[in-house]
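Novice: Under the UniProt record's numbering, the first residue of the sequence shown carries the number 1, and numbering increases by one thereafter.
We treat Cβ as the ideally placed atom computed from N, Cα and C, and that holds for glycine.
As the structure is a computational prediction, the values presented were derived from the model and not from experiment.
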Amino acid sequence: MFSRTMKTVDWASATLAQQDLHEEVLALKQQSGNPILVGSRSLILQLLHLQLIDELQLCLYPVVAGSGLPLFENLNDRMMFNLVNHKTFTGGALLLYYQPKNE
1 MFSRTMKTVD WASATLAQQD LHEEVLALKQ QSGNPILVGS RSLILQLLHL
51 QLIDELQLCL YPVVAGSGLP LFENLNDRMM FNLVNHKTFT GGALLLYYQP
101 KNE
């Protein structure tokens, strides 16, 4: 678990990251097991900046909210992705699976 404020976690299945983000994620990626799933917008932005994202899943809903946070805020470099899969849901939502292009 990555946190700027927490010093301990109260559940047995979680551990608090002790290294910097880059080192911790590289170590996690070397372990066998399930993929690393991230739902935090700020953490995703940091991982994109560090080029540590193997797959990006974006869910697109047919709704315009008119407000909210920009999804890819403060990314200065252009990043290219390939669409590798998609799912369509009955309500019109799309789940898009992207992998970074090797440049």
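Starting from the N-terminal side, write out each stretch of the beta strand (DSSP E) that is 3 residues or longer and does not extend beyond the region 26-82.
Specialist: Entirely contained in the region 26-82, the beta strand (DSSP E) runs reaching 3 residues are, in chain order, 56-60.
Novice: With DSSP run on the structure shown, which of helix, strand or coil describes residue 134?
Specialist: Lying outside 1 to 103, the shown extent of the chain, residue 134 is not represented and no answer is given.
Novice: Can you round the beta-carbon distance between residue 58 and residue 96 to whole angstroms, since I take them to be within the 8 Å contact cut?
Specialist: Confirmed, Cβ separation roughly 5 Å.
Novice: So, under 8 Å CB-CB, residue 43 and residue 2 are touching, yes? Tell me the CB distance rounded to an integer number of Å.
Specialist: Residue 43 to residue 2, Cβ: 6 Å. Contact.
Novice: Comparing alpha-carbon positions, which option in 84, 23, 87, 31 lies nearest residue 52?
Specialist: Nearest of 84, 23, 87, 31 to residue 52, Cα basis: 23.
Novice: Please go through the same chain and pick out, in chain order, the residues whose beta-carbon is closer than 7 Å to the beta-carbon of residue 61, but skip the five residues on each side of it.
Specialist: Counting only Cβ-Cβ distances below 7 Å, and skipping sequence neighbours, we find 93.
Novice: So the candidates are 55, 102, 48; which of them puts its Cα closest to the Cα of residue 85?
Specialist: The candidate whose alpha carbon is nearest that of residue 85 is 55.
Novice: Taking Cβ positions, are residue 75 and residue 45 nearer each other than 8 Å?
Specialist: For residue 75 and residue 45, yes; Cβs fall inside 8 Å.
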